[in-house]
Amino acid sequence: MNLEKRTSSGVDIVKFPEKLMMANAADARAVLKEIIGAGSGKLIIDLADTEYMDSSGLAVLVSSLQAARKKDGDVYLIRMGATVRALIELTRLHTVFQIFDDEQGALNALT
Amino acid sequence: MNHNDTQMRFNLHSNPREVVQLQQQLMDLCKDVGFGELSAFQFTSAAIEAVNNCIKHAYAGEEGYPITLQWRRHQDFVTIEIRDEGKPLPLHLLESPVLSGVDAESGRGWHIIHEWTGSVSYARQGDENILTLTRRL
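If you're matching them up, the sequences are chains A and B in order.
The opening residue of the first sequence carries number 5 in our numbering; numbering runs sequentially from there.
The opening residue of the second sequence carries number 404 in our numbering; numbering runs sequentially from there.
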């Protein structure tokens with residue numbers, strides 16, 4: 005799986021796919037683990053294109069957060085749509101992730 | 404897939420790649436019958452979590468086993484009936500779900516099913532598990 009990734013001010017910024025489901029969750033998890041392992045541990049996940057996520061996708065988010073925090077980093081979520089936000093809130097993940105409307109706000113908070 | 408005015412049947416295998424297409428079809432069906440974007444997402448999510456459970460738990464992740472999903476529109480509600488031939492569903496899962504831990508990696512599927520479905524019922528008939536999800540239009 006290819007996830008669009010770039011780095012700004014030492015923060016890795018990854019764009020999630022349109023769908024993150026059981027079918028591609030393991031691949032996404034592996035890619036994110038590699039990115040976090042090679043980087044600063046500070047990660048922004050851009051959900052602007054993500055229209056659908058299931059509980060396997062949520063597990064990918066959580067595993068990324070755990071990996072980042074082991075490096076004293078963090079994972080911030082940006083630009084999520086209303087449906088994904090509803091899923092995040094239902095599962096109370098908004099209490100463990102910092103969520104921003106735009107990339108600059110997340111970058112300011114992480115750097 | 405068989406189609407008439409009020410119902411549609413999907414014959415799947417326990418393969419996560421097949422669930423990707425199913426998700427889009429369910430979203431489209433839900434919106435077609437009048438669910439708003441968020442309600443369609445919620446009911447579709449509940450059904451997808453149920454199908455994922457068939458694959459992960461009833462069939463222990465083994466691919467190629469049958470799963471049937473029957474989508475029915477009634478006058479003012481929709482039912483989604485999901486059948487598999489795997490291991491029986493542990494009945495405690497039908498009770499009110501509790502998130503296992505906010506930052507746990509797993510344990511959210513049943514929470515989603517219960518919270519985003521009007522009612523959930525389960526029956527074991529012969530070798531089949533039958534899970535029925537209902538949501539009002």
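Beta carbons: idealized from backbone N, C-alpha and C, even for Gly.
Since this is a predicted model, take the numbers as computed values, not measurements.
- Backbone CA spacing between I40/A and L47/A [nearest angstrom]: Here the alpha carbons of L47/A and I40/A stand approximately 7 Å from one another.
- Within chain A, partners of D435/B - CB distance below 9 Å: Those within 9 Å of D435/B in chain A number zero; the least Cβ separation is about 17 Å.
- Enumerate in chain order the residues of its own chain whose CB-to-CB distance from L432/B is below 8 Å, with the five nearest sequence positions on each side excluded. Excluding residues within five positions, the ones whose Cβ falls inside 8 Å are M411 and W474.
- Query: Of the choices E107/A, G45/A and S59/A, whose alpha-carbon is the least far from that of A507/B?
  - Reply: Minimum Cα-Cα distance from A507/B among the listed residues E107/A, G45/A and S59/A corresponds to S59/A.
- Message: Do R476/B and E531/B have their beta-carbon atoms positioned less than 9 Å apart in this structure?
- Response: No, Cβ-Cβ distance for E531/B and R476/B is not below 9 Å.
- Query: Closer than 8 Å, Cβ to any Cβ of chain B: which residues of the segment 88-104 of chain A, in chain order?
  - Reply: Going along the segment 88-104 of chain A in chain order, one finds A90, L91, L94, T95, R96, L97, T99 and V100 with a Cβ nearer than 8 Å to chain B.
- Message: Below 8 Å on the Cβ atoms is my contact criterion, and I expect M5/A with V35/A to pass it. Report the Cβ-Cβ distance as a whole number of Å.
- Response: Contact flag correct, Cβ pair sits at about 6 Å.
- Item | V88/A classed as buried or exposed, judged by whether at least 16 other C-beta atoms fall within 10 angstroms | Taking all protein chains shown into account, V88/A has 16 or more neighbouring C-beta atoms within 10 Å of its C-beta and is therefore buried.
- Message: What are the residues in the segment 53-83 of chain A lying within 8 Å of chain B by C-beta distance?
- Response: Within the segment 53-83 of chain A, the residues whose Cβ lies closer than 8 Å to some Cβ of chain B are Y56, D58, S59, S60, L62, A63, V66, S67, L69 and Q70, listed in chain order.
- Amino acids of chain B, ordered along the chain, whose beta-carbon sits closer than 8 Å to that of A86/A: Those are E440 and L441, listed as they occur along chain B.
- Query: Does the Cβ of S524/B have 16 or more other Cβ atoms within 10 Å, making it buried, or fewer, making it exposed?
  - Reply: Answer is exposed; the Cβ neighbour count stays below 16.
- Query: With burial defined as no fewer than 16 other Cβ atoms inside 10 Å of the residue's Cβ, what is the status of H406/B: buried or exposed?
  - Reply: Residue placement at H406/B is poorly supported in this model, since its pLDDT is 46, which falls under 50; the coordinates still yield a value, given next. Exposed, since its Cβ has fewer than 16 Cβ neighbours within 10 Å.
- 3-residue-minimum beta strand (DSSP E) runs that sit fully inside the segment 66-113 of chain A, ordered along the chain: At a cut-off of 3 residues, the continuous stretches assigned as beta strand (DSSP E) that sit fully inside the segment 66-113 of chain A are 78-82 and 102-104.
- Query: Any idea what DSSP makes of M404/B, helix, strand or coil?
  - Reply: For M404/B, the predicted structure reports a pLDDT of 48, less than 50, and the residue's modelled location is therefore unreliable. The matter cannot be settled from this model.
- Query: Between the C-alpha atoms of E8/A and G529/B, what's the straight-line distance to the nearest angstrom?
  - Reply: E8/A and G529/B have their C-alpha atoms some 48 Å from each other.
- Message: If I measure Cβ to Cβ from Q102/A and keep anything under 6 Å in the same chain, skipping five residues before and after, which residues do I get?
- Response: Answer for Q102/A: Y80, listed in chain order.
- Within-9 Å CB hit, M5/A to chain B: With respect to chain B, the C-beta atom of M5/A has no partner C-beta closer than 9 Å.
- Query: Is it the case that the Cβ atoms of Q536/B and E484/B are separated by a distance below 9 Å?
  - Reply: According to the sequence provided, residue 536/B is Leu. The question's Gln does not apply to it. It is a contact, given that the beta carbons lie within the stated cut-off.
- Query: So is L51/A in contact with chain B if we call contact Cβ pairs under 9 Å?
  - Reply: Judged by the 9 Å Cβ criterion, L51/A is not in contact with chain B.
- Query: Looking at C-beta atoms only, is the number of pairs between the segment 439-448 of chain B and the segment 103-114 of chain A that lie closer than 8 Å three or more?
  - Reply: With the cut-off at 8 Å, the segment 439-448 of chain B and the segment 103-114 of chain A do not touch.
- Message: Measuring only the C-alpha atoms, how far is H517/B from A27/A?
- Response: Straight-line Cα distance between these residues: approximately 23 Å.
- Query: Which term fits H514/B, buried or exposed, when burial requires 16 or more other beta carbons within 10 angstroms of its beta carbon?
  - Reply: Its Cβ being crowded by 16 or more others within 10 Å, H514/B is buried.
- Any idea what DSSP makes of S13/A, helix, strand or coil? Secondary structure of S13/A (DSSP, three-state): coil.
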